Every structure is written in C-alpha cells, then in structure tokens.
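According to the working numbering, the stretch in the sequence shown is residues 1 to 405, in order. Data block below; observations after.
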Amino acid sequence: MSLIVQKFGGSSVANAERVFNVARIVTETYDKGNDVIVVVSAQGDTTDELIEKAAEINPNPSKREMDMLLATGEQISIALLAMAIEKLGYPVVSLTGPQAGFLTDSSHSKARIRRIEKERMENELGKHNIVIVAGFQGMNRYGNITTLGRGGSDTSAVALAAAFHADLCQIYTDVDGIYTADPRIVPNAQKLEEITYDEMLELASLGANVLHNRSVEMAKKYNVNLEVVSSLEKKPGTKVKEVAKVEKMLIKGVARDNNIARISVVEVPDSPGVAFRLFAALAAKKIDVDNILQSIGREELKDISFTIAKDNLPEAVKVVESLKDSLNYKYYESTENISKVSIVGAGMKSNPGVAAKMFEALGDAGINIQMIFTSEIKITVLINKEESTRAVAAIHDAFMADLPH
Ligand code: ADP
Ligand code: ASP
Ligand code: MG
1 MSLIVQKFGG SSVANAERVF NVARIVTETY DKGNDVIVVV SAQGDTTDEL IEKAAEINPN
61 PSKREMDMLL ATGEQISIAL LAMAIEKLGY PVVSLTGPQA GFLTDSSHSK ARIRRIEKER
121 MENELGKHNI VIVAGFQGMN RYGNITTLGR GGSDTSAVAL AAAFHADLCQ IYTDVDGIYT
181 ADPRIVPNAQ KLEEITYDEM LELASLGANV LHNRSVEMAK KYNVNLEVVS SLEKKPGTKV
241 KEVAKVEKML IKGVARDNNI ARISVVEVPD SPGVAFRLFA ALAAKKIDVD NILQSIGREE
301 LKDISFTIAK DNLPEAVKVV ESLKDSLNYK YYESTENISK VSIVGAGMKS NPGVAAKMFE
361 ALGDAGINIQ MIFTSEIKIT VLINKEESTR AVAAIHDAFM ADLPH
C-alpha cells in the first residue's frame, strides 16, 4: 500500500461538476488500496475576489486580518470536496491547515512552514479516512491563521508529502504538465517529460507559476517524488526529479514574471555603506529585493536600480522616500510597466552563444532591453510589460530547435 498526496488547484475545483471530477480521481486512487491525502485550493478566482472584497472595506488592512479572510477560500473547497466524496460513499474528513497541524512562522501573507504536527492526520489515516486538507494556510505560535503566499497550496502538498514520506505527490492543474513556456502565451510550447528540481526551481522563481517555487525547494530538500498532471485529461504529466534524462538542449524553458516593479535611485553619492543602508531599510520592512543593478559611478555619483514584487511597491517607495536625506540622492523613479523574461537551462553553462541568441531574438522583434542579469543556468532581461508576450514567443521561437520536442 502506498501513500499518495494529490493537490488540486483553483480551476480544478471551480464548480460542482469539477468538484465531483476531483472526487472521482481521489476515490479511484483510494480504491486501488492507497492512503490518500488531498490538498485543495480556493475555487476558481475566489482568492482574487476576496482581495477585492477587502479593498472595498479597507485599502490597507492588517496582514493578520487579510490572512484570516483569504484562508476562508480554501475552507469552502475542503468542505465541498468532502461532501462530494461522502456522496460517493467513501470515508472522508476535511481539515483546515491548523487542524491538519501546519505550524508556520508569523510572516503573515508569506509564512513559512516550521513543522507539521502529524497526530491528527495520522489518526484519520489510521481510520482509513480520505483526508482533505486546506492548502495555503497554517497557524503561527500565537494561534493566528497565516497564509503561505499566492500559489502556496503546492507547498502545502509537498510539505505533507515530505512529512508523511508519501510515495508520490501529484499536482493536478489545468495544464497537462510543465512546458518549455507557458502554453497559454506560447501555443507551440512543448511538454517536458521530466525536469530537474533545480531547473524547475529557477523557472518557478522566475515566474512560471505552474508550481510555487517553495514547493520545488522543499521537494528537492526532501527528495519528494513530484509530478504535474492534468485534472481534466488522463495522460502522463511531467516528473520533477533530482536527475532528469539527459537531453541535448541548451535551455529548458522560458519564463515571464509580470508581477514586478522597479525602483531606481538616481545620483547617489558614491560612498561606502550606501547600498547597505538602502537594502537594510528594505529588509527591515521584510521587502524582498529581487535583482539589483548599480551603475558605474560618474563624478562620484551612481544610480542603484532594483526590482521587487509589485505588491511591495507602495511600501518600498515609502522606504526610499524616508532615506532621501540620509542617502542624499537626487531623485528616484518607480514603475510597474516592467516585465521580467528569462531563459533557464543547465545546458547553457558551457555554451557561450546563448545570451547572444536571446538578445538577437529580442533585437529582431524590436524589443528594447532595460537590464540584463545572468547566472550559470539562467539569463534574465527586464523589458516593457506590453512587449512581454511577444518577447516570450520570440525567444521561444529562437530556441525552438534546441528545445525538447
Ligand atoms: P492551479 O490553480 O492549478 O494552482 P496555476 O494557475 O497556479 O494553477 O498554474 C497553472 C498555470 O501555470 C497554467 O494554466 C499556465 O498558464 C501557467 N504556466 C506558466 N508557466 C508554465 C509552464 N512552463 N508550463 C505549464 N504551465 C505554465
Ligand atoms: N488560493 C491561493 C491563491 O490563489 C493559493 C493557491 O491557489 O495555491 O493564491
Ligand atoms: Mg497554482
């Protein structure tokens, strides 16, 4: 007998018919003699709708209350799915994140899982119940409800798979696997049979939201047997693992992140400690800074640009404004009209032509590059947001012959 964790995203449980579809997948797995833990997200666009509801009441609510609100979306799904499974005649119990034993730190809206207290779930599994767990949520040590960040149900599922030493963790979603680019923006994107944890971690961190990046991080750490499959069609998905089949290709995929903003602090005195003061102040407000670029100084002055998640822009602007006198910069600029497009692949390490090929594709498409960042297995460019869909397609086309197909 095996233990299988199955996670279903929002679109997979969007309405009654889809909930029954999930109930059937789960009960078929149970019928094969497996123990089954199911993680579900909020139905359809529920989380976005809850965010809008909050904004109608208070544009600046505390993060504690925001988590309290957002956690309700997943709670609706677990109860409805449990009712569907009851109706099919199977033993089932639904549990909220806290009931399932998810203990997190206190960073509301982006909490990290500290540990999972397993007794309750072990009990339920011992009674041969199908256990349905609300994704995306937990509780801090003061008993407050926390959430794990958008897309965090994937991480709930992988955390359970790790804690319970599951034989398999399946992420069911509205696409049938991981592709070389988001198949919704690049129609000729190719499905990957396998991908390594490291490559997927890069893609997810760079905007491929098919998996929450922390879920991949955790899967790698605990060697979770992870796969992405369709909830709507029965066919093989994509396996995420330590070592993928050796395929001769330069890059594994193209990713886009439109959820970012850029701030440039212009004409800062070129003296020691400036960058430290700026980024320490941002860190003190728990604002994650993504890419940083410092221009070469001229006349003892330099510019510092950095990117952050769009949601953090108002707070980051406040921090930068509060440092006007201490940093003695001339002015700052901020923009949300920006997108990050990246290519990822271990194969590029030993291939010097990759960056040139990417820039050529953008140049041919008439797309201007604002900033460039590179590492061993990725190249990232910042461009105007309106051009990002075209950019992804152009880059994908340029590398098409090198992609697995
Ligand atoms: P769920 O609600 O099931 O968690 P998400 O919307 O979070 O689903 O993730 C699935 C979506 O991820 C797909 O619909 C697709 O548009 C997007 N996506 C982005 N990049 C990729 C990629 N490389 N491969 C597959 N899907 C991708
Ligand atoms: N419902 C949450 C979200 O929309 C969590 C998730 O879907 O994984 O972000
Ligand atoms: Mg998701």
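Virtual Cβ for every residue (Gly too), placed ideally from N, Cα, C. Computed from a predicted model, the values in this text were never measured in an experiment.
**Q.** Inter-residue spacing [alpha-carbon to alpha-carbon] between His405 and Asn188
**A.** Because the pLDDT at His405 is just 49, under 50, the model does not fix this residue reliably, and the point stays unresolved.
Q.
Counting C-beta neighbours from all protein chains within 10 Å, is the total for Lys32 16 or more, i.e. buried, or is it exposed?
A. exposed
Q.
Only counting the same chain, and skipping five residues up and downstream in sequence, which positions put a Cβ closer than 6 Å to that of Thr27?
A. Leu88, Tyr90
Q | Whole alpha helix (DSSP H) elements within the region 57-113, 4-residue minimum | A | 63-87
Q.
Three or more C-beta pairs under 8 Å: does that hold for the region 252-260 against the region 332-346?
A. yes
Q: Taking the CB atoms as reference points, tell me whether Asn209 and Gly151 lie closer together than 8 Å.
A: yes
Q. Would DSSP call Gly345 helix, strand or coil?
A. Of the three classes helix, strand and coil, the one that applies to Gly345 here is coil, per DSSP.
Q) Got a sec: does the ligand ADP put a non-hydrogen atom nearer than 7 Å to the Cβ of Ile178? A) Distances between the C-beta of Ile178 and the heavy atoms of the ligand ADP include at least one below 7 Å.
Q) Going by C-alpha distance, which of Val317, Glu267, Ala309, Asp311 is nearest Arg298? A) Glu267
(Q) Checking 8 Å against the spacing of the C-beta atoms, do Val39 and Gly149 come in under that value? (A) no
Q: Go through its chain and collect everything with a Cβ distance to Asn213's Cβ below 7 Å, but skip five positions before and after it.
A: Leu201, Ala204, Ser205
(Q) I'd like the span of the alpha helix (DSSP H) that includes Thr389, first residue to last. (A) From DSSP, the alpha helix (DSSP H) with Thr389 extends over 388-399.
Q) How big is the Cα-Cα spacing for Ile195 and Ser62? A) 39 Å
Q) Between the Cα of Ala166 and the Cα atoms of Glu122, Asn351, Phe373, which residue gives the shortest distance? A) Taking only the C-alpha atoms, the option nearest Ala166 is Glu122.
Q) Secondary structure at Glu28, three-state DSSP: helix, strand or coil? A) helix
Q) Beta-carbon separation of Ala84 and Ala23 under 8 Å? A) Cβ atoms of Ala84 and Ala23: closer than 8 Å.
Q) Buried or exposed: which applies to Leu34, given that a residue is buried once 16 or more other Cβ atoms fall within 10 Å of its Cβ? A) Per the sequence shown, the amino acid found at residue 34 is Asn instead of Leu. Result: buried.
Q) Under a Cβ-count criterion, where at least 16 other Cβ atoms within 10 Å of its own Cβ denotes burial, should Val5 be classed as buried or exposed? A) buried
Q) So does Val210 have its beta carbon nearer than 7 Å to some heavy atom of the ligand ADP? A) yes
**Q.** Member of Glu17, Val265, Arg64 whose CA lies at the smallest distance from the CA of Gly44
**A.** Glu17
Q.
For Arg80, tell me which candidate among Gln170, Ala14, Leu160, Met68 has the shortest Cα-Cα distance.
A. Looking at the sequence provided, one finds Leu at residue 80 rather than Arg. Here the closest residue by C-alpha is Ala14.
Q: May I ask which residues mark the beginning and end of the beta strand (DSSP E) holding Val254?
A: 253-257
Q: Reducing DSSP to helix, strand and coil, say where Ser215 ends up.
A: Correct three-state label for Ser215: helix.
Q. Does the Cβ of Tyr142 have 16 or more other Cβ atoms within 10 Å, making it buried, or fewer, making it exposed?
A. exposed
Q) Got a sec? Which residues, its chain only, sit under 8 Å from Asp174 by beta carbon, not counting five neighbours each side? A) Gly9, Ser11, Ser12, Ser230, Ser231, Leu232, listed in sequence order.
Q: Report yes if the C-beta of Thr389 is less than 7 Å from at least one heavy atom of the ligand ASP; otherwise report no.
A: No, the Cβ of Thr389 stays beyond 7 Å of every heavy atom of the ligand ASP.
Q) So is the beta-carbon of Gly135 under 7 Å away from any non-hydrogen atom of the ligand MG? A) Relative to the non-hydrogen atoms of the ligand MG, the Cβ of Gly135 never comes closer than 7 Å to any of them.
Q | Residue closest to Thr47, alpha-carbon to alpha-carbon, out of Gly97, Ser77, Ile379 | A | Ser77
Q.
Could you compute how far the alpha carbon of Ala283 sits from the alpha carbon of Ala401?
A. 42 Å
(Q) Quick check: the Cα distance between Ile304 and Lys318, rounded to an integer number of angstroms? (A) 16 Å
**Q.** Nearest-residue set for the ligand MG, Cβ under 5 Å from any heavy atom
**A.** Gly9, Gly151
Q: Note the first and the last residue of the continuous beta strand (DSSP E) segment covering Ala364.
A: Note that residue 364 is Asp in the sequence shown here, rather than Ala. Not the beta strand (DSSP E): Asp364 falls in the alpha helix (DSSP H), residues 353-364.
Q.
Please tell me whether, using a cut-off of 7 Å, the distance from the CB of Arg214 to the nearest non-hydrogen atom of the ligand ADP is below it.
A. no
Q.
Can you confirm whether the region 381-392 touches the region 174-185 when touching is taken to mean that 3 or more C-beta pairs between the two stretches lie within less than 8 Å?
A. yes
Q: Would you tell me roughly how many angstroms separate the C-alpha atoms of Lys7 and Glu124, rounded to the nearest one?
A: 18 Å
Q.
Does the beta-carbon of Thr431, which I'm using as the reference point, lie nearer than 7 Å to any heavy atom of the ligand ASP?
A. Because the chain here runs from 1 to 405, residue 431 falls outside it and cannot be looked at.
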